[in-house]
Amino acid sequence: MPGADSSLARFLVTSLKRAARLRCGEQLHALAAKSGLLVSNPFVRNSVLAFYSRLPSSPGSAQQLFDETPRPLRDAAARNILLAALARGGQLDRAQRFLEEMPHGYRDAVSYTTVVTALARAGAGHAGRAVDVFRRMLAGHVVPNEVTLAGVVTAFACHGAPATVGVAHGVALRRGLDVFVIVATNLVHAYAGVSELCSARAVFDQMLDRNTVTWNAMLNGYVKAGVMEMAAEVFWRIPEKDEVSWLTMVDGYIRADLITDALKAYVHMVGEVGSNGNETLLVDLVKACAQYSFVAEGQQLHSVILKNGFDAHAFLQATLIHFYGCCGLIGLARMQFTLSDKSHIASWNALLASLSRKNLMHEAQQLFDDMPERDTISWSTLISGYVLNKCSDIALQLFFSMLNAGAEPNEITLASALTAVAESGTLAQGRWIHDYIINRSFRVTDNLSAGLINMYAKCGSVADAVHLFNHYSDKFSSISPWNAMICSLAVHGYAHMSLDLFSQLQRTDIKPNSITFIGVLNACCHTGMVAEGKHHFESMMRVYGIQPMIKHYGCMVDLLGRAGYLEEAEQLIAMMPIKADKVIWGSILSAARVQGNVVVGERAAEELARLDQTHGASKVALSNIYADAGRWTNVSAVRKELLDEHLERLSGSSGIVQ
Numbered sequence: 000m001p002g003a004d005s006s007l008a009r010f011l012v013t014s015l016k017r018a019a020r021l022r023c024g025e026q027l028h029a030l031a032a033k034s035g036l037l038v039s040n041p042f043v044r045n046s047v048l049a050f051y052s053r054l055p056s057s058p059g060s061a062q063q064l065f066d067e068t069p070r071p072l073r074d075a076a077a078r079n080i081l082l083a084a085l086a087r088g089g090q091l092d093r094a095q096r097f098l099e100e101m102p103h104g105y106r107d108a109v110s111y112t113t114v115v116t117a118l119a120r121a122g123a124g125h126a127g128r129a130v131d132v133f134r135r136m137l138a139g140h141v142v143p144n145e146v147t148l149a150g151v152v153t154a155f156a157c158h159g160a161p162a163t164v165g166v167a168h169g170v171a172l173r174r175g176l177d178v179f180v181i182v183a184t185n186l187v188h189a190y191a192g193v194s195e196l197c198s199a200r201a202v203f204d205q206m207l208d209r210n211t212v213t214w215n216a217m218l219n220g221y222v223k224a225g226v227m228e229m230a231a232e233v234f235w236r237i238p239e240k241d242e243v244s245w246l247t248m249v250d251g252y253i254r255a256d257l258i259t260d261a262l263k264a265y266v267h268m269v270g271e272v273g274s275n276g277n278e279t280l281l282v283d284l285v286k287a288c289a290q291y292s293f294v295a296e297g298q299q300l301h302s303v304i305l306k307n308g309f310d311a312h313a314f315l316q317a318t319l320i321h322f323y324g325c326c327g328l329i330g331l332a333r334m335q336f337t338l339s340d341k342s343h344i345a346s347w348n349a350l351l352a353s354l355s356r357k358n359l360m361h362e363a364q365q366l367f368d369d370m371p372e373r374d375t376i377s378w379s380t381l382i383s384g385y386v387l388n389k390c391s392d393i394a395l396q397l398f399f400s401m402l403n404a405g406a407e408p409n410e411i412t413l414a415s416a417l418t419a420v421a422e423s424g425t426l427a428q429g430r431w432i433h434d435y436i437i438n439r440s441f442r443v444t445d446n447l448s449a450g451l452i453n454m455y456a457k458c459g460s461v462a463d464a465v466h467l468f469n470h471y472s473d474k475f476s477s478i479s480p481w482n483a484m485i486c487s488l489a490v491h492g493y494a495h496m497s498l499d500l501f502s503q504l505q506r507t508d509i510k511p512n513s514i515t516f517i518g519v520l521n522a523c524c525h526t527g528m529v530a531e532g533k534h535h536f537e538s539m540m541r542v543y544g545i546q547p548m549i550k551h552y553g554c555m556v557d558l559l560g561r562a563g564y565l566e567e568a569e570q571l572i573a574m575m576p577i578k579a580d581k582v583i584w585g586s587i588l589s590a591a592r593v594q595g596n597v598v599v600g601e602r603a604a605e606e607l608a609r610l611d612q613t614h615g616a617s618k619v620a621l622s623n624i625y626a627d628a629g630r631w632t633n634v635s636a637v638r639k640e641l642l643d644e645h646l647e648r649l650s651g652s653s654g655i656v657q
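Residues 0 to 657 in numbering that gives the first Met the number 0 are what the sequence shown spells out, letter by letter.
What follows is the structure in structure tokens.
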């Protein structure tokens with residue numbers, strides 16, 4: 000009865016679409032087979048195939064049913080259903096092979112789109128294959144649709160080359176597919192991914208219809224490029240901001256070190272979206288609060304973490320310990336450690352770093368000794384702690400103990416060890432560490448290069464420092480090794496070499512920073528090059544936009560004072576936006592004695608006394624200035640003052656044992 004068959008067929012097709020359990024589908028499959036509709040009705044047959052293909056618990060059943068189907072009955076729909084099942088199950092090699100083995104007449108836009116999108120979504124490692132399949136699709140005169148092209152755009156973006164994204168864009172324009180939101184959105188995302196923000200914005204601005212995903216793609220492009228002004232402009236124009244929009248914006252502010260803006264945006268997000276963010280965002284925010292010692296804000300975030308149950312995560316526990324330690328709240332850091340999961344080494348390392356930062360090296364050593372296990376970070380943290388606390392010998396002993404224990408040092412460990420050698424002046428140990436770096440095939444990064452240069456120079460082997468700099472200079476990508484060499488040459492009396500090296504730096508793409516100019520101004524100071532010193536001091540601000548710090552002013556005051564320009568040196572002090580310290584007034588006092596300028600010497604001594612009433616050296620220097628000028632009455636007065644202060648200090652402390 001044809002009518003009965005038709006009703007049963009409709010029932011089977013509808014039921015198979017709704018079926019969610021294997022047992023139910025198998026019963027419908029049996030009914031279809033018994034009624035003969037499995038063979039006679041392609042809709043029923045393909046519905047059974049579609050059921051098995053979407054069922055994760057039975058991936059082989061779809062393939063088995065397809066293989067059991069007579070070849071004449073394997074239509075395009077059946078092939079595409081199985082192809083989709085293979086792609087969805089991550090069997091990309093089988094899916095691509097199945098596509099290639101399909102008879103030419105059955106390979107349509109759906110077939111190619113299934114494979115292209117699956118390969119594109121699988122990541123950069125499969126992007127080339129996605130592009131190859133797309134090219135074969137065009138060669139076979141199969142017209143792509145918007146879904147195909149969206150996948151191709153994603154694949155081209157994974158290639159990381161603007162030209163390849165442009166090729167996909169060209170195909171979209173020629174086929175008229177650029178009007179589809181999915182294609183245009185993927186183009187925005189792809190152009191932004193290869194740092195072609197102008198092209199991304201051009202596509203974005205030409206879109207007649209945009210969804211939230213489109214807005215987020217443009218926003219993400221600006222955020223990743225660090226162009227936060229443009230990111231904010233796009234963000235506030237988004238008609239319906241979702242959680243992704245807010246998370247992207249907060250993350251952008253954190254990346255750009257605009258922590259106050261990040262915290263404000265986070266508060267807005269909580270109020271508008273009702274979301275407290277995810278664990279990753281909270282970690283980044285707490286770390287930012289730690290960096291800038293935002294205690295109140297960090298503690299509020301701690302409350303959010305507790306309320307949402309995120310405190311169970313080991314990495315968040317460690318981040319909170321790190322936060323309290325960075326803010327100097329070592330008691331709270333200890334308390335947080337007590338509450339944390341001790342089975343995770345991250346919490347131990349966080350407290351270890353906190354104790355080292357607070358100069359509590361005895362307690363840090365005790366914690367290190369109590370650790371159930373130690374990793375490279377544990378060793379590196381304690382070593383760097385001893386280096387920071389000027390315990391270079393202990394740091395080096397610990398470094399060699401680390402190697403004897405079979406632990407692998409990293410770049411931070413090696414840099415700390417080199418700093419310890421530089422402070423202790425043990426050149427032989429420095430050479431051994433250098434050989435270790437070479438023999439173990441460590442990549443000599445800019446950071447390690449700077450450490451090696453500094454070590455050799457401070458150990459008195461400037462020639463080795465220069466040789467190492469020349470050997471690696473072509474590979475430098477940052478300013479740190481340049482700074483190490485420029486400053487080392489200046490300190491060791493090679494001022495002209497230091498200034499020549501700075502001129503060489505200016506011919507590269509690497510920009511100098513404030514440390515560079517400390518070395519340059521020191522070099523000018525040691526050679527008495529006043530005009531050149533003034534030029535570099537002005538260009539630091541005018542050309543490079545670097546605001547002088549106290550050390551820069553100190554170098555300039557010293558330079559002017561040594562050259563006899565005491566009045567100009569005092570004028571510079573008066574113009575400083577920051578208060579002159581003891582070093583600056585000390586250099587003025589020394590220069591005043593050399594120049595025999597009693598008036599300036601008196602002013603400098605007065606300022607030093609104001610900064611530190613116990614600064615006896617300034618009074619001795621003033622006494623010498625008076626003596627050089629033959630003003631013996633003043634000499635006697637100053638020396639009496641020094642003697643009175645000495646007796647007063649003695650009377651304030653008893654040396655009598657009762």
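Beta carbons: idealized from backbone N, C-alpha and C, even for Gly.
With burial defined as no fewer than 16 other Cβ atoms inside 10 Å of the residue's Cβ, what is the status of residue i: buried or exposed?
i: residue 605; result: exposed
i: residue 296; result: buried
i: residue 476; result: exposed
i: residue 557; result: buried
i: residue 399; result: exposed
i: residue 145; result: buried
i: residue 95; result: buried
i: residue 543; result: exposed
i: residue 311; result: exposed
i: residue 391; result: buried
i: residue 647; result: The pLDDT assigned to residue 647 is 41, lower than 50, so where the model puts this residue is not dependable; a value taken from the coordinates is nonetheless given after this. When all chains shown are included, residue 647 counts as exposed.
i: residue 173; result: exposed
i: residue 457; result: buried
Starting from the Cα of residue i, find the closest Cα among the options and give me that residue.
i: residue 415; options: 404, 429 and 199; result: 429
i: residue 531; options: 251, 463, 476 and 555; result: 555
i: residue 134; options: 582, 484 and 111; result: 111
i: residue 409; options: 382, 427, 189 and 103; result: 382
i: residue 522; options: 538, 539, 489 and 89; result: 489
i: residue 300; options: 281, 346 and 370; result: 281
i: residue 626; options: 597, 602, 603 and 610; result: 597
i: residue 40; options: 50, 67, 11 and 253; result: 11
i: residue 267; options: 241, 286 and 205; result: 241
i: residue 450; options: 459, 82, 176 and 417; result: 417
i: residue 138; options: 106, 222 and 308; result: 106
i: residue 178; options: 152, 167, 189 and 208; result: 208
i: residue 89; options: 38, 120 and 61; result: 120
i: residue 201; options: 14, 150 and 168; result: 168
i: residue 359; options: 492, 385, 368 and 206; result: 385
Residue i to residue j, Cα distance in whole Å?
i: residue 633; j: residue 561; result: 25 angstroms
i: residue 6; j: residue 85; result: 32 angstroms
i: residue 35; j: residue 136; result: 37 angstroms
i: residue 0; j: residue 80; result: With a pLDDT of only 40 at residue 0, under the threshold of 50, the placement of this residue in the model should not be trusted; the figure read from the coordinates follows. Rounded to the nearest angstrom, the two C-alpha atoms are 30 angstroms apart.
i: residue 49; j: residue 186; result: 32 angstroms
i: residue 195; j: residue 204; result: 14 angstroms
i: residue 316; j: residue 293; result: 18 angstroms
i: residue 31; j: residue 72; result: 15 angstroms
i: residue 184; j: residue 142; result: 21 angstroms
i: residue 233; j: residue 198; result: 15 angstroms
i: residue 101; j: residue 82; result: 10 angstroms
Confirm, please, whether the CB-CB distance from residue j to residue i is below 8 angstroms.
i: residue 19; j: residue 45; result: no
i: residue 283; j: residue 260; result: no
i: residue 593; j: residue 559; result: no
i: residue 351; j: residue 380; result: yes
i: residue 230; j: residue 191; result: no
i: residue 193; j: residue 164; result: yes
i: residue 290; j: residue 325; result: yes
i: residue 227; j: residue 246; result: no
i: residue 498; j: residue 459; result: no
i: residue 322; j: residue 285; result: yes
i: residue 526; j: residue 568; result: no
i: residue 54; j: residue 91; result: no
Worksheet item: Using 8 angstroms as the threshold, is the stretch 443 to 453 in touch with the stretch 461 to 476, meaning 3 or more CB pairs across them?
Response: yes
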